[in-house]
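Asks: Numbered by this note's numbering, the letters in the sequence shown go through residues 51 to 98 in order.
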Amino acid sequence: MELPGDTGLAIAVYSAPPGTAAEDGLKLLASWSATTEVAQAAEADAGN
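(1) Whole-angstrom Cβ separation of A72 and A66, contact assumed at under 8 Å?
(2) Hey, Y64 and L76 are a contact pair by Cβ (cut 8 Å); roughly how many whole angstroms apart?
(3) Would DSSP call A66 helix, strand or coil?
(4) Measure the alpha-carbon distance for D7 versus D56 and round it to whole angstroms.
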């Protein structure tokens, strides 16, 4: 999906049927992303 206003930006949305291995995989990927965001915020707060 192209976003209006800024060129080169896009949104990708992924979904999987409930109770499937694909859903488990997406949840795992989401947890990695959240962990990365928390770690980056902690580094920024520490001045790294």
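Backbone N, C-alpha and C fix where the C-beta goes; we use that ideal spot for every residue, glycine too. Keep in mind the model is a prediction, meaning the values are calculated, not measured.
Replies: Let me lay it out:
(1) Counted from its first residue, the sequence shown places residue 72 at position 22. Counted from its first residue, the sequence shown places residue 66 at position 16. For a cut-off of 8 Å, the C-beta gap from A72 to A66 is around 4 Å, short enough to register as a contact.
(2) Position 14 of the sequence shown holds residue 64. Position 26 of the sequence shown holds residue 76. Yes, they are in contact, since the Cβ atoms of Y64 and L76 sit about 6 Å apart, within 8 Å.
(3) The sequence position of residue 66 within the sequence shown is 16, counting from 1. Coil.
(4) The structure shown does not extend to residue 7, since the chain spans only 51 to 98, so no value can be given for it.
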